[in-house]
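Residue numbers (our numbering), protein chains in the order written: chain A, 66 to 468; chain B, 66 to 468.
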């Protein structure tokens with residue numbers, strides 16, 4: 066096959082898969098009584114629990130709006146209405162206390178708080194939802210909600226975390242966990258899309274996030290570590306040696322987007338070589354294929370029981386990262402890695418019969434959990450990946466047509 | 066083989082395995098500088114992290130004292146000294162605040178608090194350690210520490226949980242989680258050994274714990290559910306349908322001990338039939354052998370990633386439960402189940418070369434994590450099981466010799 070034929074083949078496959086996946090969510094996840102979405106869905110879409118996880122509510126609102134706004138065939142009233150109902154559910158129930166912007170982690174079907182985490186992530190997905198909902202509906206109150214929460218998140222991260230409810234303990238290291246600056250960088254990219262005023266406002270937060278992400282490149286550039294000290298030093302023990310290949314690769318494409326937007330060629334190279342290629346090559350299971358969930362940089366056995374399981378989301382991050390990197394650099398190795406991951410995901414995670422992917426395979430690549438959605442898996446990583454890949458592949462083909 | 070030969074064979078195997086397992090811990094886990102124990106140990110015993118998990122510190126002190134006190138060949142100064150050093154470490158560092166008995170979940174090697182859980186379990190293992198240390202050394206300050214903490218635990222569980230630091234949320238169900246009354250019943254049994262005054266003092270707590278455990282027998286006696294309401298009703302969703310076969314079986318032998326001590330034949334029957342046999346028969350993997358970690362009573366796929374992994378501790382609980390039940394009832398089926406589990410554990414979990422068992426197998430029964438100890442696995446379930454089985458088998462053989 067010529068390169069054009071390969072790109073066309075994948076574009077078609079991504080598009081069809083996106084339709085199937087979104088069909089699953091629109092058919093099974095809508096809560097027509099209370100708004101918001103069911104995400105605990107069995108293989109066939111049956112609801113096996115009606116709890117609502119705020120990360121997943123926010124992500125699904127974002128996904129619906131993004132597709133409605135950017136992909137003509139999803140510009141449907143049904144998609145928009147569900148997104149608005151999800152956004153209104155978040156506005157009503159995400160924050161259990163009237164005196165704080167701290168969000169719940171999970172609420173009951175009708176919005177009563179069940180559990181609160183002492184982290185910023187529920188709040189981050191709330192921001193993504195609200196900002197995208199504003200871009201879709203142009204209702205200012207969504208924009209206001211997004212920016213009010215963003216200010217709060219930045220305050221918790223950079224000024225005073227006490228509002229998160231954490232207890233400071235003398236033996237607990239001050240950690241720069243990669244998830245935090247990654248999320249902030251992603252939010253900055255979200256909030257600044259096509260908006261110079263916002264781009265100026267969040268410029269410094271973006272620069273700081275990039276700096277904090279780059280601290281995770283350790284050991285003379287030979288490893289990405291998930292947790293480092295706040296000064297960027299390696300931490301002792303399992304915490305310090307912990308690696309999460311999928312997370313590193315996701316950080317890679319966040320950095321790459323930022324580098325492209327800021328015409329920073331040096332950052333492009335670091336993002337691709339160190340945050341995408343390096344963890345991919347070290348994290349790919351040479352025996353059975355697929356990305357390990359966790360690794361220990363010194364080769365010790367991780368203590369997480371699922372360390373050698375193959376989860377859906379690292380693979381979706383790898384697809385986006387390789388395709389975006391290929392688009393930027395034209396390096397054929399990147400296209401080959403993209404295709405290698407494609408072969409793995411379409412033969413292992415995809416479920417042509419019912420739509421949406423399986424999420425959890427054992428090391429050998431067989432389905433270990435038959436659920437399609439759960440407390441940590443919703444309408445997000447798979448459709449985001451398919452939508453982005455379809456879009457990049459279209460751009461690549463358009464560019465080819467112009468030359 | 067005659068029954069006597071079978072019992073003799075297993076007694077010998079249990080004894081040899083106990084020696085090998087304890088050899089692993091005495092050789093590798095002692096922290097001679099700070100007291101307490103390293104429990105993050107690789108297959109060969111190498112320390113891969115020096116954090117100290119309070120559950121595991123307390124359990125190892127208990128195990129060392131129990132063996133020193135009850136098994137002549139472990140009546141060694143080295144064992145006693147290590148237990149005392151572990152107990153002193155707990156007295157110095159388990160409670161991070163001078164104003165509360167709340168214990169840490171994990172501390173640094175030199176005792177600085179890293180993390181505090183909002184549960185009672187660190188405290189429970191502290192009580193086990195202190196009581197057993199008192200019985201071994203006859204030093205009153207250990208007894209005092211045990212009883213002071215026990216009073217606090219009972220207060221948190223039955224009167225006011227606010228000292229645990231939990232936030233009450235409107236959507237969170239009031240749950241009777243089986244772990245709580247199970248632990249209390251186990252502590253009552255520990256504190257009352259050979260002590261009529263204590264037996265009287267804790268009689269009511271024991272009765273209450275039994276009642277709360279029995280609430281978990283649901284669905285007309287056809288299922289043990291891990292979480293029920295505080296009134297003993299089934300709860301909605303995954304939480305309510307959650308089953309943990311190993312936990313049910315462990316509760317079974319706790320109940321059985323209590324029933325034997327109180328000459329309660331009806332409770333003997335419930336313990337054996339409903340808490341041991343039922344979850345064993347439903348929880349045993351018919352395809353690959355071994356007990357599943359988690360199940361959903363309605364047959365949905367659990368959302369816990371490790372649901373189909375085979376963990377060491379449910380199997381050790383099954384060995385104790387079947388042997389104790391066999392000793393009490395003489396029912397041959399129980400001896401056969403005991404032997405079936407023996408065949409599985411000695412061929413799968415045991416590591417004759419290095420001592421101590423592997424803890425985490427995949428569904429097929431192959432080692433998934435090569436660690437021998439970690440944040441949740443220390444010197445406890447395996448040696449407790451081997452010691453108890455050796456003791457019961459000896460009693461069975463003694464009884465045979467008398468007839």
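Glycine included, C-beta positions come from ideal geometry on N, C-alpha and C.
Below 8 Å on the Cβ atoms is my guess for residue i versus residue j; work out the distance and round it to an integer in Å.
i	j	result
residue 387 of chain A	residue 403 of chain A	4 Å
residue 151 of chain B	residue 80 of chain B	The Cβ separation is near 24 Å, so there is no contact.
residue 218 of chain A	residue 250 of chain A	Incorrect: roughly 12 Å between the Cβ atoms, too far for contact.
residue 345 of chain B	residue 383 of chain B	6 Å
residue 432 of chain A	residue 394 of chain A	Not a contact, Cβ separation roughly 35 Å.
residue 109 of chain B	residue 419 of chain B	6 Å
residue 83 of chain A	residue 455 of chain A	6 Å
Between residue i and residue j, is the Cβ-Cβ spacing less than 8 Å?
i	j	result
residue 362 of chain B	residue 290 of chain B	yes
residue 317 of chain A	residue 430 of chain A	no
residue 119 of chain A	residue 191 of chain A	yes
residue 234 of chain B	residue 440 of chain A	no
residue 263 of chain A	residue 257 of chain A	yes
residue 422 of chain A	residue 372 of chain A	no
residue 185 of chain B	residue 245 of chain B	yes
residue 275 of chain A	residue 323 of chain A	yes
residue 236 of chain B	residue 172 of chain A	yes
residue 241 of chain B	residue 280 of chain B	yes
residue 238 of chain A	residue 304 of chain A	yes
residue 375 of chain A	residue 426 of chain A	yes
residue 314 of chain A	residue 389 of chain A	no
residue 283 of chain A	residue 293 of chain A	yes
Show which residues of chain B have a CB atom less than 7 Å away from the CB atom of residue i.
i	result
residue 293 of chain A	The contacting residues do not exist; residue 293 of chain A stays about 17 Å from chain B at best.
residue 365 of chain A	107 and 113
residue 371 of chain A	370 and 371
residue 410 of chain A	What residue 410 of chain A touches in chain B: nothing, since even the nearest Cβ is about 19 Å away.
residue 198 of chain A	Per Cβ cutoff of 7 Å: no residues; residue 198 of chain A is ~24 Å from chain B at best.
residue 440 of chain A	368
Can you pull the DSSP bridge partners for residue i?
i	result
residue 106 of chain A	A:112
residue 172 of chain B	B:117 and B:178
residue 439 of chain B	B:442
residue 434 of chain A	A:425
residue 349 of chain A	A:356
residue 95 of chain A	A:102
residue 294 of chain A	A:240
residue 289 of chain B	B:282
residue 376 of chain A	A:425
residue 299 of chain A	A:293
residue 308 of chain B	B:360
Once the 5 residues before and after residue i are set aside, which same chain residues still bring their CB inside 7 Å of it?
i	result
residue 128 of chain A	444, 445, 448 and 449
residue 221 of chain B	185, 228 and 229
residue 357 of chain A	310, 348, 350, 372 and 373
residue 96 of chain B	102, 103 and 174
Starting from the beta carbon of residue i, find every residue of chain B whose beta carbon is closer than 9 Å, and list them in chain order.
i	result
residue 181 of chain A	232 and 234
Excluding the 5 residues flanking residue i on each side, which residues of the same chain have their C-beta closer than 6 Å to its C-beta?
i	result
residue 154 of chain B	100 and 101
residue 255 of chain A	193 and 196
residue 90 of chain A	444
residue 188 of chain A	168, 214 and 218
residue 460 of chain B	none
residue 453 of chain B	385
At a cut-off of 7 Å, is residue i close to the ligand SAM when judged by its beta-carbon and the heavy atoms of the ligand?
i	result
residue 112 of chain A	Summarising the ligand content, the structure contains no ligands, and the ligand SAM is consequently not present.
Going along the chain, which residues of its own chain have a beta-carbon closer than 8 Å to the beta-carbon of residue i, five neighbours each way excluded?
i	result
residue 69 of chain B	462 and 465
residue 133 of chain B	139, 140, 141, 144, 145, 148 and 201
residue 107 of chain A	113, 435, 436 and 437
residue 368 of chain B	303
Could you tell me which chain A residues have their CB closer than 8 Å to the CB of residue i, listed as they occur along the chain?
i	result
residue 310 of chain B	What residue 310 of chain B touches in chain A: nothing, since even the nearest Cβ is about 17 Å away.
residue 149 of chain B	Per Cβ cutoff of 8 Å: no residues; residue 149 of chain B is ~23 Å from chain A at best.
Which residues in chain A have a C-beta closer than 9 Å to the C-beta of residue i? List them in chain order.
i	result
residue 214 of chain B	Within 9 Å Cβ-Cβ: nothing; residue 214 of chain B doesn't reach chain A, min ~20 Å.
residue 177 of chain B	234, 235, 236 and 237
residue 355 of chain B	Here the premise fails: no neighbours, minimum Cβ distance about 15 Å.
residue 320 of chain B	Within chain A, no residue comes near residue 320 of chain B; the closest Cβ sits about 29 Å away, beyond 9 Å.
residue 302 of chain B	105, 113, 114, 115 and 116
Chain A partners of residue i, CB-CB under 7 Å?
i	result
residue 272 of chain B	What residue 272 of chain B touches in chain A: nothing, since even the nearest Cβ is about 32 Å away.
residue 433 of chain B	373
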